[in-house]
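What follows is a set of notes on a single structure, which appears directly below.
Protein chains in written order, with the working numbering: chain A, 16 to 215; chain B, 16 to 215.
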């Protein structure tokens, strides 16, 4: 359909913004954002820096696009959960399930998000959105505890930390497509967190 | 008791090896091991590089001492568990509990261990010991599953990843002494992992 002479939709060959972002995020995750220069990106992409500047104003815009991809996914889940009429513990389970699915779908972006330490305004804004998400989680845990739906001897603040520590730990080992069980991962996390491993 | 003229036991003032290691590990965890030079350590310690070389051959020896501190702690727990007559699921619970306690006691060293990516022989040796520990965990999970002590619908490989992902995630937020619940943390992790959050 598209022969060699077909006009391209963009002025620069090789990369659209999406493909450029994918490569940039891999480089950020390997070298660290602070340790990545525009030269490094230019080399990894095999295009001139000027071709990168055709798409973005610099590496911080690539960082922002990546962190927003992860955060927008997580906030979309939180918005869905908020709009669902359900008990706090059911909402918590939906939030965990949806977060694991976002992590699987946007793995490089969530990995980058979890490594952010707040060295730039973009990173500080991302950390503030993470804290907002964490406050929503903590509120649901406290409500589930008040509802009597959590074991009474558990500290809600620790529970909230452990629950999303468990979810986030998946970035350390999960690689898409490596297992036939990709589809079952979110179920597995929920089963462990809410019902525990022990058969009874 | 020790006046200004009292002889010091060591030739160099200010730091013994233990105190030097504690500062070095903080710097490694903040700047990254690769990003830390002997100059950085000298500045953080407020002593000359020659005074550091009085104790160690260089920064890689400090890295090795730190990683061994974490790994020796974890292997001591595994050795205790191995010597205990108990079912696989009981051993697994003791291993989780003991690992959380090592993490609390040796927090900076375990944090460093979990960030190691294998860029030096010392890091590769540490990663090999981590894999050995992980294989022990995975073996216990498989045995517990064969014993019928785990929910039958859980994949043992994923369970092993999630269980120690949960344990290791504690380094992301736990700070000793910040909570009256320090003593209860290992219990809390075991309760979540083995019994689940949901009251029944």
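Think of the CB as a built atom: it goes at the ideal place given N, C-alpha and C, for glycine as much as any other residue.
Start and end residues, alpha helix (DSSP H) containing residue 108 of chain B: 103 to 120
Might you give, ordered along the chain, the residues of its own chain that have their beta carbon closer than 7 Å to the beta carbon of residue 29 of chain B, omitting 5 neighbours on each side?
-> 62
* Asked: What are the boundary residues of the alpha helix (DSSP H) that includes residue 211 of chain A?
  -> Run containing residue 211 of chain A: none; DSSP gives neither H nor E here.
Does residue 18 of chain A get closer than 8 Å to chain B when you measure Cβ to Cβ?
Annotation note: pLDDT 41 at residue 18 of chain A (below 50); position unreliable, no value reported.
**Prompt:** Can you find at least 3 beta carbon pairs, one from the stretch 156 to 166 of chain B and one from the stretch 122 to 130 of chain B, that sit closer than 8 Å?
**Reply:** no
>> Less than 8 Å between the C-beta atoms of residue 40 of chain A and residue 59 of chain A, yes or no?
In response: no
inquiry  = Within 8 Å of any Cβ in chain B, is that where the Cβ of residue 43 of chain A sits?
reply    = Output row for residue 43 of chain A: interface = no.
So, for residue 207 of chain B: in the same chain, excluding its five sequence neighbours on each side, which residues have a beta-carbon less than 8 Å away from its beta-carbon? 181, listed in sequence order.
Is the shortest distance between the beta-carbon of residue 157 of chain A and the beta-carbons of chain B less than 8 Å? no
Does the beta carbon of residue 141 of chain A come closer than 8 Å to any beta carbon on chain B? Chain B places no beta carbon closer than 8 Å to that of residue 141 of chain A, leaving this residue out of the contacts.
Just to make sure I have the definition right: I need the residues of chain A whose C-beta is within less than 7 Å of the C-beta of residue 176 of chain B. Which are they? 188
For residue 134 of chain A, decide whether its Cβ has a neighbour in chain B, counting only Cβ atoms nearer than 8 Å. no
8 Å CB neighbourhood of residue 165 of chain A in its chain, flanking five on each side removed: 104, 156, 159, 171 and 174
| Nonlocal neighbours in the same chain, by C-beta distance under 7 Å from residue 209 of chain B, ignoring five residues either side | 108
Neighbourhood of residue 56 of chain B by C-beta distance below 7 Å, restricted to the same chain and skipping five residues each side: Excluding residues within five positions, the ones whose Cβ falls inside 7 Å are 39, 42, 67 and 74.
Chain B contacts from the stretch 202 to 214 of chain A (Cβ-Cβ distance under 9 Å):
202, 203, 204, 206, 207, 208, 209, 210, 211, 212, 213 and 214
Practice task
Give a yes or no on contact between the stretch 75 to 88 of chain B and the stretch 141 to 152 of chain B, applying the rule of three or more CB pairs nearer than 8 Å.
Solution key: yes
Query raised in the report: Can you tell which of A:33, A:102 and A:34 has its C-alpha closest to the C-alpha of residue 154 of chain A?
Result: A:102
### Task
Output the boundary residues of the alpha helix (DSSP H) element that contains residue 177 of chain B.
171 to 184
- Spatial neighbours of residue 139 of chain A within its chain, please: CB distance less than 6 Å, with the 5 preceding and 5 following residues excluded, ordered by chain position. 133
query: Could you check where the alpha helix (DSSP H) with residue 95 of chain A kicks off and where it finishes?
result: Unbroken alpha helix (DSSP H) run through residue 95 of chain A: 74 to 97.
Notebook entry, point to check: Which chain B residues are close to residue 169 of chain A, counting only those with a beta carbon under 8 Å from its beta carbon?
Noted result: 203, 206, 207 and 212
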